[in-house]
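First up is the structure itself, then whatever we jot down about it.
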Amino acid sequence: MNCYIVENTDTREAVIVDPGADAGRIFASVDGRKPAAVLLTHGHYDHIGAADEVCARYGIPLYVHAGDAAKLTDPDLSVARTFGYNTHVSTKPLLLADNQVLALGGMRITVLHTPGHSKGSVCYLLPDNAGLLCGDTLFDGGYGRYDFADGDFGELKQSLRRILYMHPRVKAYPGHGGPTWAGRDGDA
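Next comes the structure, spelled out in structure tokens:
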């Protein structure tokens, strides 16, 4: 499970994306930065496990798309119980919408609603197309599961089309595994 810390190098402010489970490791990685928010790409247990600890330690807000908000408090909806866990989040989230622009940490981050893996899956487009944090929507050589209760292959295909036909080509950072590319080459 990948957790990302995206830093504004001018201000040392940062956002923390998908704080999976190891809060101590996240705290060590934050070293010297000023966290501004926790952003979730979706509400599955493996992406939310350290959210409460991180939000509490830094006194920062938590963001999730409305379509996945209920997953944060329900281990069945977050599929935690399916895998033998009881993960839940008690921090009240701020709800995201498609194409919303978040002004956080001195950065403008665009929210792209990309349902399919879950109803509330989102990707975060970083300033100047510096990267796309895509959660479990897109992987290197594949795409996310759609066989959970609110997964939908048709919606996932539409979401993949949306990010694969972005222009210009953008490096994509998935929730699991190494980076890949979204968008396409050339000027077309």
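Using this note's numbering, you'd call the opening residue of the sequence shown number 257 and step up by one each time.
Built from N, CA and C at the ideal position, the CB exists for glycine as well.
Keep in mind the model is a prediction, meaning the values are calculated, not measured.
- For P317 against A353, the beta-carbon gap comes to about 15 Å, at or over 8 Å, which does not count as contact.
- Assignment of T366 by DSSP, reduced to helix, strand and coil, places it in the strand class.
- Note: H344 is not bridge-paired with any residue in the DSSP secondary-structure output.
- Here A270 really is in contact with V286; their C-beta atoms are around 7 Å apart, less than 8 Å.
- A contact is defined here as three or more CB-CB pairs under 8 Å, and the region 257-274 meets this definition with respect to the region 295-308.
- Close CB contacts of C390 within its chain, under the 6 Å cut and outside five residues either way in sequence, are with C379, A428 and P430 (chain order).
- Under a 10 Å Cβ-count criterion, L351 is classified as exposed, with fewer than 16 other Cβ atoms of the shown protein chains found around its own Cβ.
- By the beta-carbon neighbour count (other beta carbons within 10 angstroms, threshold 16), G340 is exposed.
- The DSSP assignment places complete alpha helix (DSSP H) segments of no fewer than 4 residues inside the region 347-430 at 409-420, in order along the chain.
- Rounded to whole angstroms, the gap between the alpha carbons of D278 and F409 is 31 Å.
- In the three-state scheme derived from DSSP, where H, G and I count as helix and E and B as strand, I282 is classed as helix.
- Ranked by how close their Cα comes to the Cα of A325, the residues A306, G315, H300 and V310 have H300 in first place.
- Counting along the chain, the unbroken beta strand (DSSP E) around V320 starts and ends at L318 to H321.
- Check the Cα spacing between H321 and each of Y260, S377 and Y402: the tightest is with S377.
- Burial check for Y421: the Cβ neighbour count within 10 Å stays below 16, so the residue is exposed.
- For the pair L416 and R425, the Cα-to-Cα distance works out to about 14 Å.
- Residue pairing of Y301 in beta bridges, as defined by DSSP: absent, with no partner found.
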